[in-house]
Every structure is written in structure tokens, then in C-alpha cells.
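S.K.:
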Amino acid sequence: MEWAAIPSTLLAGWLSDKLFKGRRMPLAIICMTLIFICLIGYWKSESLLMVTVFAAIVGCLIYVPQFLASVQTMEIVPSFAVGSAVGLRGFMSYIFGASLGTSLFGVMVDKMGWHGGFYLLMGGIVCCILFCYLSHRGALEL
């Protein structure tokens, strides 16, 4: 349920302001690392309780990096271009995520089984962590 992620994104905004002093990507990297760990736990667990716990944690954390990337975009781009920049970022995220991500995951699971699908997800998380780090480094230079 996507509405359950609302409190975690509000908490993430507050934490990135207060704890990380306005730096958005360190918290996004922490969330992606926790998602990676929970994904492994979800994949390897045989207990229904643990599968539910890992899925709940992932559900609360999954939108935090996307939210923080939008906030960072708003802070970096000149004020006259904020709407266009955030809109384009969101549009491209959903286009690639909804079309390429879903179909690629389905093809991977069909060809290589669920293990291949989980490896694809973990590879995507590693790429997200790398891009968050690069974004953080770039924002520090501005």
C-alpha cells in the first residue's frame, strides 16, 4: 500500500534537514542500503512473519530516495525552471520504471527464474546507491 510510505517520506524530509543539514543523498543511500538488506532477507526467508516484516520495511523506505531526489532537484535548479526539472525527472522515472523496469524484470524472471529477478533488483539498488553518491558529490560542488 503506497499510502503507508507517506509518514516515512515526511520523516525523511525532516531527518535530511535536521540530521544531515540539508544534504539529501546520504539519507537516500542509507535507505537504499536498508532496502538491499531487506530484499536479501525477503528473498532468503522462509518465515511468513519475516517476509512480511521485510516487505513492510521496504514499503516504507522505497519512496524515500525518489522523494529526496526531487527535493534535491528543486534546490539545485534555478527557481524559474523548478517545475520543468522536477516534472521531467518524475516523467522519466515513471516512463523507465513502468515500462523498462517492469518488462525487464518479467523477462529476467521468465528466463532465469526468481533468482535472476532478485539479482536484477539488487543490481538496480547498487546502481541507485552509486548514482546517489555521484549526485551528492555533484551537489557539494555547486
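Numbered as in my numbering, the sequence shown ends at 154 without a single skipped number. Backbone N, C-alpha and C fix where the C-beta goes; we use that ideal spot for every residue, glycine too. This one's a predicted model, so the numbers in the text were calculated from it and none came from an experiment.
1. Output the residue ranges of the beta strand (DSSP E) runs that lie fully inside the region 70-121 and measure 3 residues or longer, sorted by chain position.
2. For residue 33, name the three-state secondary structure that DSSP assigns.
3. Quick one: residues in its chain with C-beta nearer than 7 Å to the C-beta of residue 121, no 5 flanking neighbours on either side, listed in chain order?
4. Does the contact criterion of 3 or more C-beta pairs under 8 Å hold for the region 28-46 versus the region 56-65?
5. Count the other CB atoms, across all protein chains shown, that sit within 10 Å of the CB of residue 138; report buried if there are 16 or more and exposed otherwise.
6. Could you tell me the alpha carbon to alpha carbon distance between residue 123 and residue 132, rounded to whole angstroms?
7. Please report the distance separating the alpha-carbon of residue 83 from that of residue 148.
8. Helix, strand or coil, according to DSSP, for residue 147 in the structure here?
9. Anyone know if the C-beta pair for residue 75 and residue 17 falls short of 8 Å?
10. By alpha-carbon positions, which one of 89, 79, 116 and 103 ends up nearest to residue 39?
11. How should residue 37 be labelled, buried or exposed, when 16 other C-beta atoms within 10 angstroms of its C-beta is the threshold for buried?
12. Buried or exposed: residue 51, going by 16 or more other Cβ atoms within 10 Å of its Cβ?
M.R.: Based on what the coordinates show:
1. If we require 3 residues or more, the region 70-121 turns out to have no beta strand (DSSP E) run fully inside it.
2. On the sequence shown, position 21 is the one that residue 33 refers to. In the three-state reduction of the DSSP assignment, residue 33 falls in the coil class.
3. Within the sequence shown, the letter at position 109 stands for residue 121. Contacts found: 128 and 129.
4. Between the region 28-46 and the region 56-65, the count of Cβ pairs shorter than 8 Å is below three; the stretches do not touch.
5. Counting from 1 along the sequence shown, the entry for residue 138 is found at position 126. The residue in question, residue 138, is exposed, as its Cβ has fewer than 16 Cβ neighbours within 10 Å.
6. Translated into positions along the sequence shown, residue 123 becomes position 111. Translated into positions along the sequence shown, residue 132 becomes position 120. Distance between the alpha carbons of residue 123 and residue 132 is about 12 Å.
7. By one-based count along the sequence shown, residue 83 stands at place 71. By one-based count along the sequence shown, residue 148 stands at place 136. For residue 83 and residue 148, the distance between alpha carbons rounds to 13 Å.
8. Position 135 of the sequence shown, counted from the start, is the residue given in the question as residue 147. Reduced to three states, the DSSP call for residue 147 is helix.
9. Counting from 1 along the sequence shown, the entry for residue 75 is found at position 63. Counting from 1 along the sequence shown, the entry for residue 17 is found at position 5. Cβ atoms of residue 75 and residue 17: closer than 8 Å.
10. Numbered from 1 along the sequence shown, position 27 holds the residue referred to as residue 39. Closest option to residue 39, Cα to Cα, is 79.
11. Stepping through the sequence shown from its first residue, residue 37 is reached at position 25. So residue 37 ends up on the buried side.
12. Within the sequence shown, residue 51 is the residue found at index 39, counting from 1. If you draw a 10 Å sphere on the C-beta of residue 51, you find 16 or more other C-beta atoms in it, and that means buried.
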